[in-house]
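Just below is one structure, and these are the notes that go with it.
Protein chains: 2
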Amino acid sequence: MFRKLLTFEEAKKTIEEYFKPAFLGDEEAVLLEAYNRVLSEDIISALDIPGFNRSTMDGYAVKAQDTIGADENQPVTLKVTGALNIGEQPQIKVETGEAVEIVTGAPMPEGADAVVMVEDTEHEDSELHVYTAVTSNENVMKKGSDIKKDAVVLKKGQVLGSSEIGVLAALGLKSVKVQKIPVVAVLSTGGEVTELGRELQTGKIYDINAYSISTAVIESGGKPVYFGVVPDDKAALAKVMQTALTSADMVITSGGVSVGPKDYTPQIVDSLGKPGIVVYGIAVKPGKPTTIGFVCDKPVFSLPGHPTSALLIFYLLARPLILRLAGRPTTPMKAVRGFAGARMFSAKGRRTFVMVKLEFDKDCRLIAEPVETGASGAITTLANADGFVEIAENEQFVDADQEVEVTLFRGSAAKV
Amino acid sequence: MFRKLLTFEEAKKTIEEYFKPAFLGDEEAVLLEAYNRVLSEDIISALDIPGFNRSTMDGYAVKAQDTIGADENQPVTLKVTGALNIGEQPQIKVETGEAVEIVTGAPMPEGADAVVMVEDTEHEDSELHVYTAVTSNENVMKKGSDIKKDAVVLKKGQVLGSSEIGVLAALGLKSVKVQKIPVVAVLSTGGEVTELGRELQTGKIYDINAYSISTAVIESGGKPVYFGVVPDDKAALAKVMQTALTSADMVITSGGVSVGPKDYTPQIVDSLGKPGIVVYGIAVKPGKPTTIGFVCDKPVFSLPGHPTSALLIFYLLARPLILRLAGRPTTPMKAVRGFAGARMFSAKGRRTFVMVKLEFDKDCRLIAEPVETGASGAITTLANADGFVEIAENEQFVDADQEVEVTLFRGSAAKV
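Laid out in structure tokens, this is it:
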């Protein structure tokens, strides 16, 4: 088994080489459930919207030519022959010299091609005095001017926000086809890891990673399925991995890849299918013991046991794959510029990620304060960090007060 | 019935006067379902984390005083008496002159108070040569140093993101108490509005608003419940409103508040309970015919029928109330600075909101291009707008190229 430590860039390139973002298929979703999902079909309008010429003002539907020359001093007088309400199909026709009362949104009656605003008229009995001339189509929204029949309104791959759901409703669609959500199997290994709800024995810790990773999976457009803490036993782990691989689109384990005879995970991944492990350790800090493999095109990430390291590597390397399996754009994580609150050291020859908390100083400068990572197992590191500062392999440190870019964790509470 | 048009600021003040953000109660949620919910209890740690003194390095657990004076030239030699793995309760004790092999994360054995890193040692048979002195507690994470027993770890009102879920998992909590999600009844009125899935008759439109508003309710931390399109009949509407008010925490209707004898909504709200309608029209454009009432402390918003106007007023006035009912912070909508792509006119005496689309020009300046709103019923206006520019009541226009602040719609696809 090869054990060459890859650089961060090599690891990313290797993943790119093996990852085939398969289309996972689609499913029908009723409109409200389609919210925040990814459209998997082009939406072609079966309707003109509006479906009729429509008044955009309260006023009177007229023939524009009847109003030629009308002004404050020389009103044109027309005969009001009826009234049209919104939602009603007009049964009335406007002839030369006639006008029909109309409200905003109501369909134009036959024969009329413009609307005179109510404030430009005076209505006495059946007589209407028009004080302003209108041109053809004035105050009229033409049939199909909003959306044309047969037009492609939304494209496959579009993420459906409120506006898009509004457009789909306008077309009268009760449901649309959306991409399936990638299922991500999340499981934990390591003899010290205890499932929630069980009694904690001395020397053991609760299964933090499965939960922080699962929520990060949700934030990345995936559906986590918890496979529990797998006992430190090769056969048991192989069996769970096999089930995970057949039922999920991707597998993420944490713990159990650091050292020692009990670290079977990579061996099992290799044994389950080709190509097996393709990244065996990465020259990063934290996160060095990460392994990444593919079994029949399904990515398998084995993240370190330390909560901060595991979540960091998840964000850096696993999240983009979930987004792509979900058919979502892989927009980079948001970043802000700030100043280092203290000197930050890098690990020799490794791409280093320093967890930081953001604070404003008294001059309103944004300060990136390193979060205590002496104990990288510390769960509070995770809770306190707003993001991280990246230090390149060939740099020894970032000096205090130096300007830095802080990449923000998604779902971070930082208000910047 | 009073019909005084309030200014935008008066309308906000009036809402503030009548709105009582009641605590809607809480419910138990298992950890993954608690994600993105609002915690409704203080979380006090029942555990020390770590629950034991823990090695933060691979190496050897020793008595620090045994290593005094050790260096490259004068190593100290200790006797290795055993090995400790992660997750195991130590059955071994370190006496003076002894060392125990230990891995990162394993509990410290009794008698040892420091860990010498493996790279600072040489191990021959049962002899360990130590080349560096360590001080007491070096490479040891003390019991409770991450989270202390009885400490308040998370506070009531905290929104639970991935980090917080990780912290709750560390404490072994399978479920927590979270605030109930406010239920918002969404219903549509107006004879022209047709429910999705039905045949569209001439002069009618599909129910866009219920859907765009429902998704905006979700984005605001509420749960929308669709009450359908209510027929244009006073008794029917009164009945539906009554049901909506008893089953939901807030009611949002759209359509049917503009003009004409068919606009019963405000009358019905007034008849259902005190104080009834408190805002009867607002001097804004668009959105003037908005009415807002309270029935037994429950807010009732009647938004205009035009999709863009309805959603705009929702964002400006209804969204903050839903956030507060949900126990969430009412962070202002995000804004960016740009330059007006064209002169934008205000409506005389009314606070004007001009829908804009954001684009970069060739000099990489962010340009706020007004979106065609000639027909404010246009659903494409909604789909094309990234946000809006606000023009004060006493200003006549914003000039082309003038710097403007663009408030962004939530869920907008704009990448800025």
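Protein sequence lines, in the order shown, are assigned to chains Y and C. Numbered by the working numbering, the letters in the first sequence go through residues 1 to 416 in order. Numbered by the working numbering, the letters in the second sequence go through residues 1 to 416 in order. In this text, a Cβ means the ideal position worked out from N, Cα and C, and glycines have one as well.
Per-residue DSSP class, three states only, for residue i
i: D297 of chain Y; result: coil
i: P266 of chain Y; result: helix
i: M57 of chain C; result: coil
i: L6 of chain C; result: strand
i: V167 of chain C; result: helix
i: T352 of chain C; result: strand
i: V103 of chain Y; result: coil
i: V416 of chain C; result: For V416 of chain C, the predicted model reports a pLDDT of 29, less than 50, meaning its position is unreliable and no value from the coordinates is stated.
i: D120 of chain C; result: helix
i: P261 of chain Y; result: Summary for P261 of chain Y: the model assigns pLDDT 45, below 50, so the residue's position carries little reliability, and this model does not support an answer.
i: R319 of chain C; result: helix
i: S469 of chain Y; result: Residue 469 of chain Y lies beyond the stretch modelled for chain Y, which goes from 1 to 416, so this question has no answer here.
i: Y35 of chain Y; result: coil
i: M1 of chain Y; result: Below a pLDDT of 50, predicted positions are generally treated as unreliable, and M1 of chain Y, at 47, falls in that range; no measurement from the model is reported.
i: E403 of chain C; result: strand
i: E110 of chain Y; result: strand
i: I379 of chain C; result: helix
i: M141 of chain C; result: strand
i: K234 of chain Y; result: helix
i: P307 of chain Y; result: helix
i: L173 of chain C; result: coil
i: S188 of chain C; result: strand
Cross-strand partners of residue i (DSSP beta bridge)
i: K79 of chain Y; result: Y:E98 and Y:E127
i: R328 of chain Y; result: Paired residues: none, contrary to the question.
i: I367 of chain C; result: C:F339 and C:E359
i: T194 of chain Y; result: Y:Y206
i: G387 of chain Y; result: Y:V356 and Y:L408
i: F397 of chain C; result: C:F345
i: D26 of chain C; result: C:Q179
i: K285 of chain C; result: C:T352
Residue of the options minimising C-alpha distance to residue i
i: V217 of chain Y; options: Y:L325, Y:V278 and Y:L160; result: Y:L325
i: R328 of chain Y; options: Y:E101, Y:V178, Y:S126 and Y:E122; result: Y:V178
i: F339 of chain Y; options: Y:D386, Y:A347, Y:A400 and Y:F314; result: Y:A400
i: T14 of chain C; options: C:G276, C:R365, C:L47 and C:P307; result: C:G276
i: G197 of chain C; options: Y:L31, Y:M108, Y:R337 and Y:L316; result: Y:L31
i: K234 of chain Y; options: Y:D263, Y:G222 and Y:G255; result: Y:D263
i: Q396 of chain C; options: C:T381, C:N384 and C:M344; result: C:M344
i: D48 of chain Y; options: Y:T380, Y:L311, Y:A236 and Y:K149; result: Y:K149
i: E119 of chain Y; options: Y:V371, Y:Y60, Y:L382 and Y:F19; result: Y:Y60
i: P231 of chain C; options: C:T202, C:G221, C:A342 and C:T253; result: C:T253
i: T189 of chain C; options: C:T330, C:N53, C:F8 and C:S302; result: C:S302
i: E164 of chain Y; options: C:G349, C:E372 and C:T308; result: C:T308
i: E219 of chain Y; options: Y:F314, Y:Q201, Y:L39 and Y:Q158; result: Y:F314
i: V336 of chain Y; options: Y:L366, Y:L321, Y:R319 and Y:K4; result: Y:L366
Beta-carbon proximity check, residue i vs residue j, cutoff 7 Å
i: V470 of chain C; j: V300 of chain C; result: Residue 470 of chain C lies beyond the range of chain C shown here (1 to 416); nothing can be said about it.
i: V103 of chain Y; j: D58 of chain Y; result: yes
i: V284 of chain Y; j: R351 of chain Y; result: yes
i: A347 of chain Y; j: V406 of chain Y; result: no
i: T77 of chain C; j: H129 of chain C; result: yes
i: V153 of chain Y; j: S55 of chain Y; result: no
i: A11 of chain C; j: V279 of chain C; result: yes
i: V167 of chain C; j: A383 of chain Y; result: yes
i: M355 of chain Y; j: T381 of chain Y; result: yes
i: P126 of chain Y; j: V80 of chain Y; result: Residue 126 of chain Y is actually Ser in this sequence, not Pro. Closer than 7 Å, so yes.
i: A114 of chain Y; j: A83 of chain Y; result: no
i: N85 of chain C; j: K142 of chain C; result: no
Practice task
Report yes or no: do three or more beta-carbon pairs, one from the stretch 208-225 of chain C and one from the stretch 32-41 of chain Y, lie closer than 8 Å?
Solution key: yes
Practice task
Report yes or no: do the stretch 57-76 of chain C and the stretch 122-136 of chain C share at least 3 C-beta pairs separated by less than 8 Å?
Solution key: yes
Practice task
For the stretch 358-367 of chain C and the stretch 391-398 of chain C, state whether three or more C-beta atom pairs, one from each stretch, are separated by less than 8 Å.
Solution key: no
Practice task
Please determine if the stretch 182-201 of chain C and the stretch 194-207 of chain Y are in contact, where contact requires at least 3 C-beta pairs separated by less than 8 Å.
Solution key: no
Exercise for the section: Decide yes or no for the touch test of the stretch 291-308 of chain C against the stretch 233-248 of chain C: beta carbon pairs closer than 8 Å, at least 3 of them. Expected result: Output reads yes: the stretch 233-248 of chain C touches the stretch 291-308 of chain C.
Handout entry: the stretch 224-241 of chain C touching the stretch 267-276 of chain C, judged by at least three CB pairs closer than 8 Å
Key = Enough Cβ pairs lie closer than 8 Å, so yes.
Problem - Contact the stretch 105-112 of chain C vs the stretch 83-97 of chain C: 3+ CB pairs below 8 Å - result: yes
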